[in-house]
Every structure is written in structure tokens, then in C-alpha cells.
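First residue of the sequence shown? That's 1 in full-length UniProt numbering, and the numbers climb one at a time after it.
Let me begin by presenting the structure, written as C-alpha cells, before commenting on it.
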Amino acid sequence: MTRVIVHAGFHKTGTTSLQQQLIRLRKPLSPYLSYYGKDDFLAAGTHARKYAQKPFWWRRIMFRRAFRRFLAGIPDDPVIFLSRETLAGTMPGHRDWRGRVISDYAHSAVPVGREIIRELRRRFGPDVQIEFLLTTRAADKWLRSVYGHLLRSIHLTESFEDFTAQFPGLPNPTAEAHRIASALRPCKTHILALEDYADTRHGPAGMVLDLAGVPGAVQDALPAANRQNVGQSPQMEAEFLSLNRSGKPKAELRRTKEEMLAQYRGAVKRGLSETARNG
Numbered sequence: 001m002t003r004v005i006v007h008a009g010f011h012k013t014g015t016t017s018l019q020q021q022l023i024r025l026r027k028p029l030s031p032y033l034s035y036y037g038k039d040d041f042l043a044a045g046t047h048a049r050k051y052a053q054k055p056f057w058w059r060r061i062m063f064r065r066a067f068r069r070f071l072a073g074i075p076d077d078p079v080i081f082l083s084r085e086t087l088a089g090t091m092p093g094h095r096d097w098r099g100r101v102i103s104d105y106a107h108s109a110v111p112v113g114r115e116i117i118r119e120l121r122r123r124f125g126p127d128v129q130i131e132f133l134l135t136t137r138a139a140d141k142w143l144r145s146v147y148g149h150l151l152r153s154i155h156l157t158e159s160f161e162d163f164t165a166q167f168p169g170l171p172n173p174t175a176e177a178h179r180i181a182s183a184l185r186p187c188k189t190h191i192l193a194l195e196d197y198a199d200t201r202h203g204p205a206g207m208v209l210d211l212a213g214v215p216g217a218v219q220d221a222l223p224a225a226n227r228q229n230v231g232q233s234p235q236m237e238a239e240f241l242s243l244n245r246s247g248k249p250k251a252e253l254r255r256t257k258e259e260m261l262a263q264y265r266g267a268v269k270r271g272l273s274e275t276a277r278n279g
């Protein structure tokens, strides 16, 4: 019987670190699990994100067809792990087709999750063991990270205070994960916090190794995770906000912010390397 674990989000909960470590360890982990991520899903991840912004029936069908094509191209391995945060939808703070700020995941994560369940049963049979993994984070740090991401990725011009005021009823990630899990029963959903794994040997990927039953001795022998997707400093956030309010063309803004981020992340990594050498 095939067991499939679907990591469907959330954004800003260590997903990049998790995915990069699993890509790095894909070969040594092959006796325990088969990993598929962003670059493997064809258009399915993109269609899930678009459905969250434009939840029309035909966009749901487009996701279904793309996911079905992906599943048709993979073998019947004993344990399959799928990871793509857009399977939960688009990051809150983006706007939907009506121009309204998206403030939750459940409106798209639940119907997309049901499509995933239907297609997995169609591909692997009714006895396939389907589980979901939803990664969470403390609400205040999560929302701050979402804000920082949007500052650097889109033309966001609100201050953090004005940004958060748009979400008066926003549930914290853990509460929303439980809401989604309840809607996807009887499939089991694992709800795990970034804080419980962030400082462990494999970082957030340790969640997956534990769920897949990778022996502790094997985990200890594998290369440790590298930190991924370093954010930005408060000073840089202020600079991004100023840039977004400057009225400059979006292409110029994107190029300037990418250059600033590359310099900042390079400095952070050099600092970490220096600390490691001196430690």
C-alpha cells in the first residue's frame, strides 16, 4: 500500500529550508521516501495558487488536470512526500480577483485538498494512505515574515500597522491549520510548528524525516541543513517601503530590491561562516 504525505503549506514556516534539504538528501533518503517539490509538479502548484485568487470552478478543474498529469508520471513507491506551499493557496496579503485582501487559506486549501485526495485515490487506489502536513509558526512572527516577504516581492505601500489592520479576524496559523484538518477528515493531518524544529540538525526537514520513520542513526549520519531564505533587517524593510512609495517603475523596483537582498544575504552567510570557523 502506498503512503502519500502532502505538505500543503503554510508560507513562511520554514518551507524553503525543508524543501532544499530534501532535495539535497533525495538520494540517501530514497530507501525511506520519494520526494517531489516545486520543480516536479508541472503546473499544478501554479493552478492551486491562481485558484486561491480566482476561485472559479474551471480553475479548480485546471488544477485537477495538472495534478493528475503529475501523478501519472511518478512510480508507485511505498512512501511519497509532496511539498508545495501553494497547495494551500496564495499568501495572505495578496489580493483576489475583486481586489480584496486575501486573509485566510481555508477558502482554497479545503477544496484543493479534496481534489488532491480524489486524485490520489484515482491514481493509487482506494486503499492509499493519505496524510497532510501543515507547518505553522507563532502568529506574530509569521505575520511579520509575511509582511516582509510582500514588501520585497510586490508593490506593498502600507506600514506594518496599516497592513495588519486589514486582518482584524485573521486566525493564527495553528488555528487555521486545525480548521483545514477538520474539513479534510478522515485523512490525517499533522500540524507541526517551525519553532520545534528550527534549531535541530535538519531544520524543518526533520519533521519529514520523523514522519517517514527515518531511523535516528541514519538522520545523524546525513549532512546537516543549511539555513535558507534569510529575511531582511528592519532597516531594509524601511528602505523597501520607501522604494515602494517612490513611484518608480515596478521593473526598476524589482531590480533594486533584488540587488539589495543579494548583498544582505551574502553578508549574513559570510557572518555565519565566520562564526562557525571561530566557534
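Note that beta-carbon positions come from the ideal geometry of N, C-alpha and C, so glycine has one too.
query, result
"Close Cβ partners of Q232 (< 7 Å) along its chain, the five nearest in sequence each way excluded", "G148, R152, L261 and Y264"
"Boundaries (first-last residue) of the beta strand (DSSP E) holding E237", "Careful: E237 lies outside any beta strand (DSSP E), inside the alpha helix (DSSP H) at P234 to N244."
"Proximity to Q21 [Cα-Cα], best of D210, R245, E259 and H202", "H202"
"Alpha-carbon spacing of A8 relative to N244, whole angstroms", "30 Å"
"Anticipated Cβ contact below 8 Å, G37 with R84, distance rounded", "7 Å"
"CB-CB length for K12 against R137, believed under 8 Å", "7 Å"
"Counted within 10 angstroms of its Cβ, other Cβ atoms place A48 as buried (16 or more) or exposed", "buried"
"Enclosing beta strand (DSSP E) for L209 [first to last residue]", "It is not in any beta strand (DSSP E) - L209 instead sits in the alpha helix (DSSP H) that spans A205 to L211."
"Residue range of the unbroken alpha helix (DSSP H) whose run includes L42", "Segment: none, L42 is in no alpha helix (DSSP H) and carries neither H nor E."
"Other residues of its chain near M207: CB distance less than 6 Å, five sequence neighbours each side excluded", "L192 and Y197"
"Per DSSP, the bridge partner or partners of L135", "The sequence shown places Thr at residue 135, rather than the Leu named in the question. Per DSSP, L192."
"Through-space distance from T164 to N172, alpha-carbon basis", "12 Å"
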